[in-house]
Amino acid sequence: MVASFRAFRGMAVAILVSILTAALHFILLVVTAPAVLGFHQKIRARLLGFSGPSVLAPYRELLRLTRKQTVGVENSSFLFLIAPLTAFSATIAAAALIPSFTRGMVTAPLADLLVIFGLFLLAEVGLVLTALNTGITAVGGDPGHVLTISVLSIPTIFLLFLVFAFLTGSTNLDSIAGFVANAGAVVWPRLVMAAAAMVCVSMAWNFGFSAGPRSSLLGGISSFEAMWGEYSAASLALIKFTLIFQRTLWLTLFGTVFIPFWLAESQAGPFSWLKGMAGWGTRLLIFTAAMGTLEAYVIGLTSDRIRKLLVFSIIVAFLACLVAFIGEATE
Amino acid sequence: MFSALATLLLVLLLLPLVAAVTGRQRREFSFVMSALCGLGALLSLVFLVFALPSSTQVLPIASGGIRPSFTFDSLSMLALLVVYVSSAVAFLSASSAKPRELALLAVLVVSLCISLLAADIWLLFFGLQAITIALWSIGTYFSETRQTRRVLMRQSAVFSLGAFAFFMALVLLTSTSSHGADELRFAVLNATEIPFWQRELLPAVLMLAAAAFTGLVPMHAWFADVIAGLPVPYAIVASVGLQSLALDLLERIMFGFGWNAISFWWGVIFGFFGAASAFLGSFRSLLASEMAGVLAADVQTHSGFTILAFGVALIAHSADLPSLADLSLAAAWLGVLSHAVWKTLFFLVADTVWREAGSRKLARLGGLIHCMPVTTTMTLIAGGCMANLPLWAGFAPIWLFMKSLYSVPRLYGLGLQISSAVMTAFVGFALALECAAAVRVVGVGFLGRFRTPRAAAAEDARGPIRPAMFVLSGLALVIGFFPGVTLRLVEPSLQDVVGQGLGTRLGFFVLHARDGESGYAAIGIFALFGIAFLVGAAILQRLTSSAQAYAARWEGGFTATPAWLPFGDPLTQYGPASFTQPFAKMFATALIWSGMKRELCSSENPHTPVPRSLAQGNAAEESLAPAPRLWSFFQGRRRRAALQKLRRKFLSGQSGAVLPWLLLFALFAVWLWQSW
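Protein chains in written order, with our numbering: chain Y, 1 to 331; chain D, 1001 to 1676.
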């Protein structure tokens, strides 16, 4: 009786801890996402010879938007708010599945890579429908380009999932992170190509350079701003936050899959979590700095070049598969 | 049960025939037919839910010493369920049809049912040829131009070839000496030992047959045109019924053998044909200019996925891995079930739009969300399924299917591993293009501004179609949220055919690909999504100022719209061509190889085949797009152009020339590494 009570108590505590870590993870992501963009802007500006905006500028921008008066569009439909909310919710749901500093969160059993990427795609579809809802002009914004990026990314992503499934035997993100963290040096050489392909896709999705859908967030002049030109105030803040949040999620996902070192176990206690948070923060800083540097030096990338980058990523992903297969065979 | 099903078939056939002969046109006929099909679906459901024992019924008639027989087993009942559900909706949507038109539909449905229930070769052959004749008759009845009839004739020849191929496959099985004249039933055939050459020839013949009936490569040329050209009730039954029939027959014939009977390379070949079909179908779907064209081409995409999943099952079957074979077949059947539901819903939407807005061409629609909110909501549900997004019904089969495809590289050597990677890339493209096609239909056809006054005057779906739409969308949601429960219907057939079933992998809330592994829990994802949605909505509500102002839409810097353009300048709105152009440009090179480039790149302008409607005759202006020419590549001009392009890519140093070289270099590096 006492033993079963202890077992039950242990299980209840474990569940509570996994819920707590999930909540902590989520709060951290929400709070740091604008700072990641701010840091990115700062790095890029410095490399281009400007002092750049403050790291806190995205917070101020979001706050400013929430205080403005909402201006609705005549003739808007019921999708006017539902579409951006769908994009927001899908992004948030994906965020709950991607571990940042700890494994074994309460959402870990749901964290399948196919589901996570499906949620990313759902968010993208929501954003495109948001843009099309009011009948935008063809030159004012380009939902087709956003879809093109998605289309060219999916084969790469699926090939990368094949690599992970082949090497780790699972497409669950928590299992993959655990496997890579444990196998470490053995498996890492086989993932280099996969990491290169993932970098290309991440760049195309989130660091679209001068022609990308996210470039307007970086202060550049972009025709893609017009995609959500009919939105204002809080609804525009919601869209911008979704985009900012997605960028942080991609970086977190990349770190969790390829460099999951210092990733804590949820049951390991607060000190271990702190170590995990430090690891996550370091990874975010390094990736953001790397992306900022890359963006500063290849800033002239046009939409046509982005397509070529994605085609290149498919080839690299295919090679990543070959490397994984041959590596396994020669072992 | 069996008597009831047989009687049902007889009534289903006789009632409209009698009505057609007497010439009495009453709306109640279609409702009665629909109710009969609903009853058939209910009986099939009861059979599957209670896992009733299989039975073979020999008819008390004989011709030339052969007595036709029907088999009632879990596999045929599963396929029958799909056919009956789609037929019930099809009859409902044909409420304004004439008796002879209903009779044609009934003949098509009954021939499908006979083919599914056939327990001997002759009855199967009869059923398949009856389907061919029924489709040809329907097409001829509704087509108005000579070109339409010509294409229909070609596709009918393809269907007939498919029927003959199925017949030949079964003849191959019967040509052993142990068979007597009476042993032409499937149950006997499954127990046979056949020589090597017959065993290797059989999959090729079956591949041909399945390709002919579902529009797979290389028999894809006219399938989509013919389906798009049929009125909606017929298109629903043909697209859904033929798919389930092909999978039923393939599974019944190929999985009747023992383990290792068929080489795993046949699975790879099935997989490649499926992947190529899915890719081409999704591309056609994306570039189609009108809604029926999008949906018809998408049938090819899903047939491709189904055949690819079947190929994976064959590979697993040859490797003696029943659990993986079960998983792939479950993915294929779940795909067929979900596709049947949402495709029927989407066809109903297309029909409603045609009736109300006067056109199915995307370039003439737009803004329908304002006047058809219910129909638009249904489109969002069907579109989400078509885009294979999580939580919608299309995602679970794709998830299962990808999980089974990802298991393939662990089975054999490098050849199969590379093949699985190529198939994965094709599937990725197909899924992405399908998603883009769905977004294009929803975004251009239903959102934005009106493009024509007729579309602005459209009214929402009404009459019996409306509840049918609600039921179908409800079914789609059930499949999306509870795929494990839906797969319970497939489980008996898996146990019968492969022998194991998914067992504990089918949870009420969670669907597992493997025992002991985390799975897909749609309800959990929905909970996360729903909480985020509610929180987001609450924050938005709180932050949005009460004194909300309204402003006119921004025209992107264009001059003010003149008064004679009440819906704004159509040129300033994102249109169907705006979506297709980047994709056509991207894949143009690849499509030279399929001979489809000219047709697809100009598909915004040509009139896709839309025959005389059941309700309205506004299709006189329509004509068929030219059929793709597979052999065009081998003609001198195209071959020279392709070679010139290759030379330019590799040698001229133009933009993009680096990629092929990089690929070659990387392959060389891998080769070196391997030797090292």
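Cβ atoms here follow ideal geometry from the backbone N, Cα and C, with glycine treated the same way.
Straight-line Cα distance separating residue 1562 of chain D from residue 41 of chain Y: As a position in the first sequence, residue 41 of chain Y is number 41, starting the count at 1. As a position in the second sequence, residue 1562 of chain D is number 562, starting the count at 1. So the alpha carbons of these two residues sit roughly 43 angstroms apart.
Straight-line Cα distance separating residue 1476 of chain D from residue 1381 of chain D: Translated into positions along the second sequence, residue 1381 of chain D becomes position 381. Translated into positions along the second sequence, residue 1476 of chain D becomes position 476. Each residue's Cα considered, the two are about 8 angstroms apart.
Closer than 8 angstroms to chain D by CB, residue 200 of chain Y: Stepping through the first sequence from its first residue, residue 200 of chain Y is reached at position 200. Output row for residue 200 of chain Y: interface = no.
Cut-off 7 angstroms between Cβ atoms - residues of its own chain near residue 1378 of chain D, not counting five sequence neighbours on either side: Locating residue 1378 of chain D in the second sequence gives position 378, counting from the first residue. Only 1345, 1349, 1469 and 1473 meet the Cβ criterion.
Contact with chain D by residue 100 of chain Y, beta-carbon distance below 8 angstroms: Against the first sequence, residue 100 of chain Y aligns to sequence position 100. Output row for residue 100 of chain Y: interface = no.
Per-residue burial, residue 203 of chain Y [other beta carbons within 10 Å of its own, 16 or more giving buried]: For the purposes of this step, residue 203 of chain Y is taken as residue 203 along the first sequence, with counting starting at 1. Here residue 203 of chain Y is buried, its C-beta having at least 16 other C-beta atoms within 10 Å.
Assigned exposure category for residue 1644 of chain D - 16 Cβ within 10 Å defines buried: As a working mapping, residue 1644 of chain D is identified with position 644 in the second sequence. Looking at its Cβ environment, which holds fewer than 16 other Cβ atoms inside 10 Å, residue 1644 of chain D is exposed.
Inter-residue Cα distance where the pair is residue 233 of chain Y and residue 76 of chain Y: Your numbering for residue 233 of chain Y matches position 233 in the first sequence. Your numbering for residue 76 of chain Y matches position 76 in the first sequence. About 16 angstroms.
Straight-line gap, residue 1148 of chain D to residue 1218 of chain D (C-alpha atoms, nearest Å): Numbered from 1 along the second sequence, position 148 holds the residue referred to as residue 1148 of chain D. Numbered from 1 along the second sequence, position 218 holds the residue referred to as residue 1218 of chain D. Cα to Cα, the separation comes out at about 21 angstroms.
Test: residue 1573 of chain D CB closer than 8 angstroms to a CB of chain Y: Here residue 1573 of chain D refers to the residue found at position 573 of the second sequence. Taking 8 angstroms as the threshold, the shortest C-beta distance from residue 1573 of chain D to chain Y falls below it.
Beta carbon of residue 148 of chain Y nearer than 8 angstroms to that of residue 1582 of chain D: Numbered from its first residue, the first sequence carries residue 148 of chain Y at position 148. Numbered from its first residue, the second sequence carries residue 1582 of chain D at position 582. Yes, Cβ-Cβ distance for residue 148 of chain Y and residue 1582 of chain D is below 8 angstroms.
Pairwise C-alpha distance: residue 1060 of chain D and residue 1712 of chain D: Past the edges of chain D, shown from 1001 to 1676, lies residue 1712 of chain D, and the structure says nothing about it.
Neighbourhood of residue 1481 of chain D by C-beta, 8 angstroms cutoff - its chain only, sequence neighbours within 5 removed: As a first step, residue 1481 of chain D is located in the second sequence; it is residue number 481 there, counting from the start. Contacts found: 1391, 1522, 1523 and 1526.
Chain Y within 8 angstroms of residue 1435 of chain D, Cβ atoms only: Counted from its first residue, the second sequence places residue 1435 of chain D at position 435. Interface flag for residue 1435 of chain D against chain Y is set, since a Cβ pair is found closer than 8 angstroms.
Residue 1425 of chain D vs residue 157 of chain Y beta-carbon contact at 8 angstroms: For the purposes of this step, residue 1425 of chain D is taken as the residue at position 425 of the second sequence. For the purposes of this step, residue 157 of chain Y is taken as the residue at position 157 of the first sequence. Here residue 1425 of chain D is not near residue 157 of chain Y, since their CB atoms are 8 angstroms or more apart.
Buried versus exposed, by CB contacts within 10 Å (16 or more), residue 1538 of chain D: To locate residue 1538 of chain D, count along the second sequence from 1; it is residue 538. With fewer than 16 Cβ atoms within 10 Å of its Cβ, residue 1538 of chain D is classed as exposed.
Close-in-space but distant-in-sequence residues of the same chain around residue 37 of chain Y (CB under 6 angstroms, 5 per side omitted): Locating residue 37 of chain Y in the first sequence gives position 37, counting from the first residue. Excluding sequence neighbours, residue 37 of chain Y sits near 58 and 244.
Whole-Å CB distance - residue 1311 of chain D paired with residue 1270 of chain D, under 8 angstroms assumed: By 1-based counting over the second sequence, the position of residue 1311 of chain D is 311. By 1-based counting over the second sequence, the position of residue 1270 of chain D is 270. About 3 angstroms; that satisfies the 8 angstroms criterion.
Rounded C-alpha distance that separates residue 1499 of chain D from residue 1165 of chain D: Working through the second sequence from its first residue, we reach residue 1499 of chain D at position 499. Working through the second sequence from its first residue, we reach residue 1165 of chain D at position 165. C-alpha separation (whole angstroms): 27 angstroms.
CB contact below 8 angstroms: residue 40 of chain Y versus chain D: Against the first sequence, residue 40 of chain Y aligns to sequence position 40. Not one chain D Cβ lies under 8 angstroms of residue 40 of chain Y.
Cβ neighbours of residue 1115 of chain D in the same chain (closer than 7 angstroms, five flanking residues each side left out): Along the second sequence, one-based indexing puts residue 1115 of chain D at 115. Excluding residues within five positions, the ones whose Cβ falls inside 7 angstroms are 1124, 1127, 1128, 1131 and 1245.
Selected residue, minimal CA-CA separation from residue 181 of chain Y, among Y:255, Y:238, Y:123 and Y:30: For the purposes of this step, residue 181 of chain Y is taken as residue 181 along the first sequence, with counting starting at 1. For the residues Y:255, Y:238, Y:123 and Y:30, the minimum Cα distance to residue 181 of chain Y belongs to Y:255.
Exposed unless 16 or more other CB atoms sit within 10 angstroms - verdict on residue 1449 of chain D: Position 449 of the second sequence holds residue 1449 of chain D. If you draw a 10 Å sphere on the C-beta of residue 1449 of chain D, you find 16 or more other C-beta atoms in it, and that means buried.
Three-state secondary structure assigned by DSSP to residue 77 of chain Y: As a position in the first sequence, residue 77 of chain Y is number 77, starting the count at 1. Residue 77 of chain Y: coil per DSSP, three-state reduction.
Residue 1511 of chain D - DSSP class collapsed to helix/strand/coil: Counting from one through the second sequence, the residue named residue 1511 of chain D turns up at place 511. Strand, per DSSP.
Contacting residues, own chain, Cβ-Cβ under 7 angstroms from residue 1336 of chain D (five flanking each side not counted): Position 336 of the second sequence, counting from 1, holds the residue named residue 1336 of chain D. Within the same chain, residue 1336 of chain D has close Cβ partners 1082, 1243, 1244, 1247 and 1306.
Proximity test, Cβ basis, 8 angstroms: residue 58 of chain Y and chain D: In the first sequence, the residue the question calls residue 58 of chain Y occupies position 58. It does not; no Cβ of chain D falls within 8 angstroms.
Any C-beta of chain D under 8 angstroms from that of residue 92 of chain Y: Your numbering for residue 92 of chain Y matches position 92 in the first sequence. It does: the Cβ of residue 92 of chain Y has a partner Cβ on chain D nearer than 8 angstroms.
Span of the beta strand (DSSP E), counted from its first residue to its last, around residue 1057 of chain D: Position 57 of the second sequence, counting from 1, holds the residue named residue 1057 of chain D. 1055–1058 is the extent of the beta strand (DSSP E) around residue 1057 of chain D.
Neighbouring residues, chain Y, relative to residue 1406 of chain D (Cβ below 8 angstroms): As a position in the second sequence, residue 1406 of chain D is number 406, starting the count at 1. In chain order: 161, 162, 165, 166 and 171.
Segment limits, beta strand (DSSP E) that includes residue 1071 of chain D: Working through the second sequence from its first residue, we reach residue 1071 of chain D at position 71. Residues 1069–1072.
Beta carbon proximity, residue 260 of chain Y to chain D, threshold 8 angstroms: As a working mapping, residue 260 of chain Y is identified with position 260 in the first sequence. So, not an interface residue.
Terminal residues of the alpha helix (DSSP H) in which residue 1247 of chain D lies: Taking the second sequence and counting its residues from 1, one reaches residue 1247 of chain D at position 247. Segment 1232–1254, the alpha helix (DSSP H) holding residue 1247 of chain D.
Test: residue 109 of chain Y CB closer than 8 angstroms to a CB of chain D: To locate residue 109 of chain Y, count along the first sequence from 1; it is residue 109. So yes, residue 109 of chain Y belongs to the interface.
Length of the line joining the Cα atoms of residue 21 of chain Y and residue 1531 of chain D: The residue given as residue 21 of chain Y occupies position 21 in the first sequence. The residue given as residue 1531 of chain D occupies position 531 in the second sequence. Across the structure, residue 21 of chain Y and residue 1531 of chain D are spaced so that their CA atoms are roughly 18 angstroms apart.
Cross-strand partners of residue 264 of chain Y (DSSP beta bridge): In the first sequence, counting from the first residue as 1, residue 264 of chain Y sits at position 264. DSSP lists Y:102 as partners of residue 264 of chain Y.
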